[in-house]
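If you read the protein sequences in the order shown, they are chains U and Y. At position 290 of the first sequence (counting the first as 1) the number is 290 in the working numbering, and the numbers step up by one without a gap. At position 162 of the second sequence (counting the first as 1) the number is 1162 in the working numbering, and the numbers step up by one without a gap. Notes follow the structure.
Protein chains: 2
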Amino acid sequence: MSSTEPRGPGFIPVSPPTLADVAERAGVSRQTVSNAVNNPDLLRPDTLERVREAIDEMGYSPNRAARNLRTRSSQLIGLRVQPAQEGTANAMMDRFLHTLVDTSAEAGYHVLLFAGDNDDPVGGYDHLLRATAVDAFVVTDTYLGNPQAAWLSEQRAPFVAFGRPWDQPHATHPWVDVDGAAGTRLATDHLIEKGHSRIAWIGWRKDSPIGEDRRAGWLAAMHEAGHPTTGLASRVEDTVQSGAEAAAVLLDESAPTAFVCASDTLAMGVLHTLWIRQLAPGRDIAVVGFDDSQVAQVFPVGLTSVRQPLEDVAVQIVRALESLLGHLPPPAQGVLLTPTLAVRGSS
Amino acid sequence: MSSTEPRGPGFIPVSPPTLADVAERAGVSRQTVSNAVNNPDLLRPDTLERVREAIDEMGYSPNRAARNLRTRSSQLIGLRVQPAQEGTANAMMDRFLHTLVDTSAEAGYHVLLFAGDNDDPVGGYDHLLRATAVDAFVVTDTYLGNPQAAWLSEQRAPFVAFGRPWDQPHATHPWVDVDGAAGTRLATDHLIEKGHSRIAWIGWRKDSPIGEDRRAGWLAAMHEAGHPTTGLASRVEDTVQSGAEAAAVLLDESAPTAFVCASDTLAMGVLHTLWIRQLAPGRDIAVVGFDDSQVAQVFPVGLTSVRQPLEDVAVQIVRALESLLGHLPPPAQGVLLTPTLAVRGSS
DNA sequence: CCAAGGGATTGGAACGATCAAGGAGCCAGC
DNA sequence: GCTGGCTCCTTGATCGTTCCAATCCCTTGG
């Protein structure tokens, strides 16, 4: 049999033992070995013991391809990685990815990465789906107007989205998202508690639903505290440069004592302006960012920042996937998680 | 056949068409369709055309599991992700991962992520290998004393390492690495060119071969330029705090006019100390980091930093993998790539 | 006109697992 | 003693593809 081929230096590795090899060794049939692996309850304890010994001795692991073929499932979850782009929120995804991999592993799944193509947002999905190469997808780039979610729904492909279907209020697919408004509200309340009342907002252009969501949190917190907001809000591109310029304008025209920003990138811009003007962040002016990126953590005095619970997001996504794939009761259609505030020297 | 099942709202997705379905439609045998996909040269042009039409019309993609089973290959490359840890060089891996996925895709491979476990560094590899779930591995954490590389070599498993086998000079597996010494030499020469002669080094503890490699580049450049180095080198933990302290000590005792650091993290520490002492980076004191992290890019004046050619690393790794897997002539055993210097305001 | 040769195509047999039935063997009950 | 039910295990068929060897068809040369 395959497991008894000659072996020695310079040889190609022997093919791993099969179910039949183990069966022969344990003196049982193939199916019994299969049951020992998948339905141990069906075996008599002594038989189970014997088969397990054989499995251990031979170092048997079920062949993935054969199992996949027969069961029509791959135990793989597909995740598309965006085309390489510089310095965006990608780095943040790192935390998410780690937990996703870990949690998936616990559920018996692996994560398959595949390349994305902006011109053909659906191509990669299509191929993997038709080849039954993955059991489900995790869709993370829902903010791009997500044709994927709609397309996958239409194909009746199992998937869970990280991000609400902003522009498709009637979408029925499961999703997990972070409550951005709650995050900025947290940040604003924190500043109010510190005694600030003129708290400025620097966010993204109006066509970003995520940006508007985050802005809403700031606005609500300010209104509730009875603080004015006119002239204190600015909407710009998500770059350090834009953040710096916006901060300069706001400082000149509205004299805020604190800034809440839609991203750490913008917050870095604010800090840049403060630095130029010899204003000490945290002492003269408070600044809060969003994302708790590495930048926020290593910035000299530390940048207070809203931290997305990406680990929880990953866990919830895997839970939803398990439901979809039939291992658990159906999940809530949408799960909204609340971020926390990482308080540092800048506030 | 499976492709003609009833379809409509509320139904479970129909199973995708198979080779046999396409064959029937095109009026040829299964094998001919298979050849149309894998060895088009074997078909007569008109037959090929007819089969291709059928494939397109039915939206056929070969079933991955079946193909994998028959060919004993999975077209998957395994990459272990370390257990989630905070704020380390992980974020840098993002660039690498993207390119790895893209390049692998061009070579017909997908990337499979699997969870790592520090207690059992080999467990994940072992399972995937025996289950023939992946064709090869990319090993990235070779600096941990890499038991993986040795173990995989012993198993005769195909893999390529990102990182030289520092502690195993006789290892024979293929690897790709970045020439850290060349990077720090680049940084040091850049500073020398700017007129600096008292250039300090802040690096890692002596037991890090990577750290010593980077230090060697600084040392060589200084010697070649005839500049003294005594009292100008410091070896500390890789934290902002340590970098700040080391910079303070060096400034007090040796009055350097520039710093070369083994990491951006350390460089941030230096910048912190400069900020406290009201010294302007780039004007009063020059600073160069290593890794060109996001931090370096968004830091107000910009942090000059050695940039690892991670994209090239990924490309070379995929190339080496293709060789291992028999599609190309055997590769060089080791590939050493030279980093570049991203010059910004801090120097 | 037939045999030889080569290109194009075909049918059967794997690959290694699970599914769906189908036996043994044993005990209780009539 | 035979049946029925239960537990435990086995046998054949199957998933969809590619490998292998055989077959078919058409051309060419003797």
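Where a beta carbon is used, it is the ideal one built from N, C-alpha and C, also for glycine. For clarity, every value in this text was computed on a predicted model and none was experimentally measured.
Are the Cβ atoms of residue i and residue j separated by less than 9 Å?
i        : j        : result
A20(U)   : L321(U)  : no
Q1075(Y) : H1110(Y) : yes
A161(U)  : V178(U)  : no
V138(U)  : I317(U)  : yes
E1245(Y) : T1265(Y) : no
E262(U)  : W201(U)  : With the sequence shown as reference, residue 262(U) is identified as Ala, and Glu is not the correct amino acid for it. Yes, these two residues count as a Cβ contact at 9 Å.
L1232(Y) : R1198(Y) : yes
T1103(Y) : V1315(Y) : yes
S242(U)  : G269(U)  : yes
N63(U)   : L1113(Y) : no
T230(U)  : P1016(Y) : no
G1116(Y) : Q1082(Y) : yes
P1165(Y) : P1147(Y) : no
A1065(Y) : A157(U)  : no
Rounded to whole angstroms, what is the Cα-Cα separation between residue i and residue j?
i        : j        : result
R130(U)  : R80(U)   : 16 Å
V301(U)  : K1206(Y) : 29 Å
T1142(Y) : L100(U)  : 23 Å
P9(U)    : Q1168(Y) : Model confidence at P9(U) stands at a pLDDT of 33, short of 50, so the residue's coordinates are unreliable; what they give is reported in the following sentence. Looking at the two C-alpha atoms, the distance is approximately 19 Å.
P209(U)  : A1248(Y) : 46 Å
T257(U)  : Q1297(Y) : 27 Å
T355(U)  : A1149(Y) : Coverage of chain U is limited to positions 1 through 347, which leaves residue 355(U) absent and any answer about it impossible.
I1012(Y) : E1212(Y) : Reliability of the predicted coordinates at I1012(Y) is poor, the pLDDT of 48 falling under 50, and the value obtained from them is presented with this limitation in mind. So the alpha carbons of these two residues sit roughly 60 Å apart.
H1170(Y) : L42(U)   : 50 Å
L251(U)  : R277(U)  : 10 Å
E353(U)  : V14(U)   : Past the boundaries of the shown model lies residue 353(U); chain U is included only from 1 to 347, so the question cannot be answered.
G108(U)  : D1238(Y) : 36 Å
I192(U)  : R235(U)  : 22 Å
G183(U)  : W218(U)  : 9 Å
F1159(Y) : P329(U)  : 40 Å
D1046(Y) : L1152(Y) : 48 Å
H1327(Y) : E154(U)  : 38 Å
D1119(Y) : K1194(Y) : 48 Å
P1228(Y) : V1343(Y) : 24 Å
N1039(Y) : A1023(Y) : 16 Å
G1163(Y) : R319(U)  : 36 Å
V295(U)  : T1032(Y) : 57 Å
T338(U)  : V313(U)  : 10 Å
H190(U)  : E1253(Y) : 42 Å
N1035(Y) : R1044(Y) : 11 Å
R1007(Y) : I1077(Y) : Confidence in R1007(Y) is poor, its pLDDT being 34 and thus under 50, which makes the residue's placement too unreliable to answer from.
T18(U)   : Y1125(Y) : 19 Å
H98(U)   : A1105(Y) : 22 Å
D1094(Y) : I1055(Y) : 37 Å
Can you tell which of the options has its C-alpha closest to the C-alpha of residue i?
i        : options                                : result
L186(U)  : A225(U), L152(U), P158(U)              : A225(U)
F1259(Y) : H1173(Y), R1215(Y), I1276(Y)           : R1215(Y)
T304(U)  : V315(U), A314(U), V288(U), V298(U)     : V288(U)
L271(U)  : P16(U), D291(U), V240(U)               : V240(U)
F1290(Y) : T1230(Y), T1132(Y), T1103(Y), W1204(Y) : W1204(Y)
A1280(Y) : P1045(Y), T1338(Y), S1346(Y), I1055(Y) : S1346(Y)
R1072(Y) : H1098(Y), P1045(Y), L1325(Y), A1054(Y) : L1325(Y)
L1341(Y) : A1181(Y), D1117(Y), H1327(Y), H1196(Y) : A1181(Y)
G377(U)  : S1061(Y), V1343(Y), L1152(Y)           : Nothing can be reported for residue 377(U), as the shown portion of chain U is limited to 1 through 347.
A286(U)  : T188(U), S34(U), R156(U), V22(U)       : T188(U)
F1299(Y) : R319(U), A267(U), V313(U)              : A267(U)
R67(U)   : V37(U), A221(U), S323(U)               : V37(U)
S1323(Y) : P1174(Y), W1275(Y), M1222(Y)           : P1174(Y)
Determine which residues share a DSSP beta bridge with residue i and list them.
i        : result
S1234(Y) : I1202(Y)
G1078(Y) : L1112(Y), F1137(Y)
L1336(Y) : D1177(Y)
S305(U)  : G289(U), A342(U)
F1159(Y) : F1137(Y)
F1259(Y) : A1200(Y), V1287(Y)
P329(U)  : According to DSSP, which records beta bridges pairwise, P329(U) is partnered with nothing at all.
P1281(Y) : I1285(Y)
Could you check if residue i belongs to the surroundings of the ligand PLP, using beta carbon to heavy atom distance under 8 Å?
i        : result
F1290(Y) : Absent from the structure shown: the ligand PLP. Ligands present: none.
Three or more beta-carbon pairs under 8 Å between the region 331 to 342 of chain U and the region 1300 to 1315 of chain Y, yes or no? Contact between the region 331 to 342 of chain U and the region 1300 to 1315 of chain Y is absent: fewer than three C-beta pairs spanning the two stretches fall below 8 Å.
Sufficient close CB pairs (3 or more, under 8 Å) joining the region 1049 to 1062 of chain Y to the region 1022 to 1034 of chain Y: The region 1049 to 1062 of chain Y vs the region 1022 to 1034 of chain Y: in contact.
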